[in-house]
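Going letter by letter, the sequence shown gives residues 14 to 486 in this note's numbering. Presented below is the structure to which this report refers.
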Amino acid sequence: MAVDLLLKGGTVVTEGGPVQADVAVSGGVIVGLTAAGEGPSARRTVDVTGLHVLPGVIDTHAHHREPGYTHKEDIITGTSAAAAGGVTVSCAMPNVYPPPNTAKVLRDMFALYEQKSVIDYNINAASSNLEELPALAEMGILSFKIFMVVDTGRDYPHMPGIGVHDHGKLFKMFQGIQKTGLPLMIHPHDQALMTVIEEDYWARGEKDFRAYAKAYSSYDGVIWDSAVSTLLQLQRASGVHLHILHLQTRRCVEMIRAARAEGRAVTSEVNPWTLWLGNDCANIERLASYALSYYVEPHHYQAVWNALLDGTSDMIATDHAPHTHAEKAPGRENGWKAHTGTPSVQEYVSLLMTDVNDGKLSLKKAVELLSENPAKVFKLYPKKGAIRIGADADFAIIDMNAELVLNDERVISKCGWTPYAGRKVKGLPLHTIVRGKFVFEDGKVVGEPGGGVKATPLTAEQAARLTAAAVSV
Ligand SMILES: [Zn+2]
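Listed below in structure tokens is the structure:
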């Protein structure tokens, strides 16, 4: 009997590494991995000779801005940009309005995604209502999210309702979330230290984008190190699975490495701006607030890169954070007036593939960081995150030889700009497939709003059943 779809002639990046194989898909799942040229007959055969077939990319940290801030981005534009970037699952962050910190608000937000998302999705709920945690956890979310930032001089993107930096309140949330069994994502930040650091800058009249970048990285990254140090103590005391966001200093890497060596439930992500933007002063000088602009000094960058390579840090997630020109431009004069964050979901896979082409990491390692590890950490594996029998047929098909100078004209995100404009990349997504359906084909988004479904964490039993069914090549 013919299968639905056959991807023929490609280099397939399996958990064992790249192999020449044909991939057969039926009913939205992978039903066959055969030697090249030996795939079954199919209703549709796509010749992917010369291309690399990767598992669909899983981005566990994206700001789609809907509801509440749809002048920046919305679910359709955000998930379309993700599809064009090779992403097949995108998880939204809760700094929207109203924030999903009650079961009712989260239910309404999921209804929006059901109607609008072009790819598979989930939402990381805000944990600011302790009594709502059990109900939120039962709604199939991947994780809770806490911002430790309570911004001075602006109320977005970290609005007061969901920012928490009081250690006692944090500890209560750690304990409550531990009981749900779900991971807790935290943007680490020492607000008390940052407040006095900022005041010193402002007292000296230093307010431009350089001052902002220097303030956030001052004293060799003390606001990050102090926060992570505290969070790790609260993790030890509560036993919660702590997922640290925005890893960007050498000492944070060392602390996480030590905690993991003790067998503690500590994972982390690295963002594109640490790897390809804020690690170079020249980018910040050229782009001002469009570069974010946290400055990541070279010795920190090197430690973070090594942490990705040696497995101390688990994944690359975008922190895709679009803002309009009007919200960014004032940052040249006053860095604190600009909204924080940069878009990156359409470009990050290309930037990492460029590093693969440059010999900085293997394709197998890149797939671990983009797909396999996010799926494992957030319990989507083995349904998602790897090319194996029984898994969802989610693929990012990459032309590793395609070259492009990134530019604003191709940006799908509503904000209309990318901080990576002008950068030459080699290795571009050509097709993206979600559960057997093309959502991005020959460089064009073809997915429909409402085509995505919620990517829900698997129970141990579901994962075991899929593992038993799978045959890796
Ligand atoms: Zn973020």
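Ideal placement from N, C-alpha and C gives every residue a C-beta, glycine not left out.
{"Query": "Any residues whose CB sits closer than 6 angstroms to a heavy atom of ligand 1? List them in chain order?", "Result": "H74, H76, M106, D332, A334"}
{"Query": "Run through DSSP, which three-state label would S485 get?", "Result": "Note that S485 has pLDDT 44, beneath the 50 cutoff, so the model's placement of it is unreliable and the number below is only indicative. If DSSP states are grouped into helix, strand and coil, S485 belongs with coil."}
{"Query": "Could you pull the DSSP bridge partners for D35 from this structure?", "Result": "T47"}
{"Query": "So is S485 buried or exposed if we call it buried at 16+ other beta carbons inside 10 Å?", "Result": "With a pLDDT of 44 at S485, under the threshold of 50, the predicted position of this residue should be treated as unreliable, though the coordinate-derived value follows. It counts as exposed."}
{"Query": "Could you tell me the distance, in whole angstroms, from the CA atom of A320 to the CA atom of A274?", "Result": "13 angstroms"}
{"Query": "Using 7 angstroms as the threshold, is the C-beta distance between K85 and P335 below it?", "Result": "yes"}
{"Query": "Just the Cα atoms here: how many angstroms apart are L305 and T331?", "Result": "13 angstroms"}
{"Query": "Determine whether the beta carbon atoms of S363 and G291 lie at a separation below 7 angstroms.", "Result": "no"}
{"Query": "Is the segment 380 to 400 touching the segment 338 to 345, taking contact as three or more C-beta pairs under 8 angstroms?", "Result": "no"}
{"Query": "Under the assumption that L460 contacts V131 (Cβ atoms under 8 angstroms), give the Cβ distance between them as a whole number of angstroms.", "Result": "Before going further, note that residue 460 is Gly rather than Leu in the sequence given. Yes, they are in contact, since the Cβ atoms of G460 and V131 sit about 4 angstroms apart, within 8 angstroms."}
{"Query": "Using DSSP bridges, identify the partner residues of R57.", "Result": "L18"}
{"Query": "Report the partner residues of K467 according to the DSSP bridge assignment.", "Result": "Y134"}
{"Query": "Under 7 angstroms between the Cβ atoms of D203 and A240?", "Result": "yes"}
{"Query": "For T280 and R56, I'd like the C-alpha separation in whole angstroms.", "Result": "42 angstroms"}
{"Query": "Would the segment 247 to 265 count as touching the segment 208 to 219 if we require 3 or more Cβ pairs under 8 angstroms?", "Result": "no"}
{"Query": "Beta-carbon within less than 6 angstroms of H254's beta-carbon, same chain only, minus the 5 sequence neighbours each way: which residues are those?", "Result": "P196, A278"}
{"Query": "Can you tell me whether D327 is buried or exposed, with buried defined as 16 or more other CB within 10 angstroms of its CB?", "Result": "buried"}
{"Query": "Considering only their Cβ atoms, is the gap separating G99 from T325 smaller than 7 angstroms?", "Result": "no"}
{"Query": "Can you tell me which of L18, V44, N370, L20 puts its alpha carbon nearest to the alpha carbon of I402?", "Result": "V44"}
{"Query": "Closer than 6 angstroms by C-beta to N347: which residues in its own chain qualify, once you throw out the five before and the five after it? Chain order, please.", "Result": "K220"}
{"Query": "Do the CB positions of M207 and I175 come within less than 7 angstroms of each other?", "Result": "no"}
{"Query": "Tell me which residues share the same chain as M186 and place their Cβ nearer than 6 angstroms to its Cβ, disregarding the 5 neighbours each side in the sequence.", "Result": "S140"}
{"Query": "Work out the CA separation of F408 and G30 for me, nearest whole Å.", "Result": "15 angstroms"}
{"Query": "For V118 versus P107, is the C-beta distance shorter than 7 angstroms?", "Result": "no"}
{"Query": "When DSSP labels each residue in this structure, what does E310 get in the three-state scheme?", "Result": "coil"}
{"Query": "How is P395 classed by DSSP in three states: helix, strand or coil?", "Result": "coil"}
{"Query": "Look at the Cβ atom of H259, then the Cβ atom of N284, and state whether they are nearer than 7 angstroms.", "Result": "yes"}
{"Query": "Which residue from L322, E212, V209 puts its Cα closest to that of L288?", "Result": "L322"}
{"Query": "In whole angstroms, give me the CA-to-CA distance for H77 and G91.", "Result": "5 angstroms"}
{"Query": "Could you please give the first and the last residue of the uninterrupted beta strand (DSSP E) stretch that includes M366?", "Result": "Unbroken run through M366 is the alpha helix (DSSP H), 361 to 370; no beta strand (DSSP E)."}
{"Query": "In its own chain, which residues sit with a C-beta less than 7 angstroms from the C-beta of A96, not counting the 5 before and 5 after it?", "Result": "V131, I132, T445, V452, F453, V458, G460"}
{"Query": "Does DSSP put T331 in a helix, a strand or coil?", "Result": "coil"}
{"Query": "Alpha carbon to alpha carbon, what distance is there between R299 and P147?", "Result": "46 angstroms"}
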